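Presented below is the structure to which this report refers.
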Amino acid sequence: IRVYSVNQQTSIKELHVIEESIDLDAAKSYVKIAWNPFEDVHAIPVKNSIFFNETNNWKLEKVHEDNTIKEYIDLIKYSPTKNFFIITYRHMKLVFVDRISHHVYLSYTATNLISSVQWNP
């Protein structure tokens, strides 16, 4: 993943978190990066893991991984309260996670496809 500075119009960092592949199914989860403006952290989903990188120095802060779920991540969204994030997986699974401890508070399997999520402030 290449990070660009809009002001400088240059590449400032390259993060090596994605393996080169021609797997189109896996590639669908690589485009949904989330930014946590409260901590200046980018969340980059790769398969069934999320890599959290600090934006001030681009170092890897932590990784959220659930090896019990084999599905790829479709979406990550931070809560407006700054305390949680939601992850949606392919095949209709939604997980509610604590932002600091990464403790899973709720895991829900839907009967229909989850295409977006919105927090109720």
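For our numbering, add 1490 to where a residue sits in the sequence shown, where the first one is 1. Note that CB positions come from ideal geometry on N, CA and C, so glycine has one too. All figures in this text were calculated on a predicted structure; none of them were measured in a lab.
**Item:** Beta-carbon proximity check, N1547 vs V1531, cutoff 8 angstroms
**Value:** The residue given as residue 1547 occupies position 57 in the sequence shown. The residue given as residue 1531 occupies position 41 in the sequence shown. Cβ atoms of N1547 and V1531: not closer than 8 angstroms.
Below 8 angstroms between beta carbons: does that hold for I1566 and F1575?
Residue mapping note: residue 1566 aligns to position 76 of the sequence shown, counting from 1. Residue mapping note: residue 1575 aligns to position 85 of the sequence shown, counting from 1. Yes, these two residues count as a Cβ contact at 8 angstroms.
Notebook entry, point to check: According to the neighbour-count rule (16 or more other Cβ atoms, all chains shown, within 10 Å of its Cβ), is T1601 buried or exposed?
Noted result: Here residue 1601 is taken as the residue at index 111 of the sequence shown, counted from 1. That one is exposed.
**Message:** Is it buried or exposed, N1538, if we count other Cβ atoms within 10 angstroms and call 16 or more buried?
**Reply:** For the purposes of this step, residue 1538 is taken as residue 48 along the sequence shown, with counting starting at 1. The residue is buried, with at least 16 neighbouring Cβ atoms inside 10 Å.
Query - Cut-off 8 angstroms between Cβ atoms - residues of its own chain near K1549, not counting five sequence neighbours on either side - result: For the purposes of this step, residue 1549 is identified with residue 59 of the sequence shown, where counting begins at 1. Excluding sequence neighbours, K1549 sits near N1543.
(message) Taking the beta carbon of T1578 as the centre, do at least 16 other beta carbons fall within 10 Å, making it buried, or is it exposed?
(response) Taking the sequence shown and counting its residues from 1, the one referred to as residue 1578 is at position 88. Under this definition T1578 is a buried residue.
TODO: Give the range of the beta strand (DSSP E) segment to which L1550 is assigned.
DONE: Numbered from its first residue, the sequence shown carries residue 1550 at position 60. Run containing L1550: 1550-1555, per the beta strand (DSSP E) assignment.
Other residues of its chain near S1569: CB distance less than 6 angstroms, five sequence neighbours each side excluded: Mapped onto the sequence shown, residue 1569 falls at position 79. Taken in chain order, the residues that qualify are W1609.
- Query: The beta strand (DSSP E) with N1543 in it runs from where to where?
  - Reply: Counting from 1 along the sequence shown, the entry for residue 1543 is found at position 53. If you look at N1543, you'll find it in the beta strand (DSSP E) that goes 1539-1544.
Which of the three DSSP states is assigned to A1524 in this structure?
The residue you call residue 1524 lines up with position 34 of the sequence shown. It is a strand residue.
For this session: Use the C-beta contact count for F1541: other C-beta atoms within 10 angstroms, 16 or more gives buried, fewer gives exposed.
Result: Your numbering for residue 1541 matches position 51 in the sequence shown. Buried.
Taking K1572 as part of the beta strand (DSSP E), name the residues at either end of that continuous run.
-> Indexing the sequence shown from 1 puts residue 1572 at position 82. Counting along the chain, K1572 falls outside any beta strand (DSSP E), and DSSP gives it neither H nor E.
Subject >> Sequence-distant residues of the same chain with beta carbon closer than 7 angstroms to H1581, five excluded per side >> reply: The count along the sequence shown starts at 1 and reaches residue 1581 at position 91. For H1581, same chain residues with a beta-carbon under 7 angstroms away, outside a window of 5 residues either side, are E1561 in chain order.
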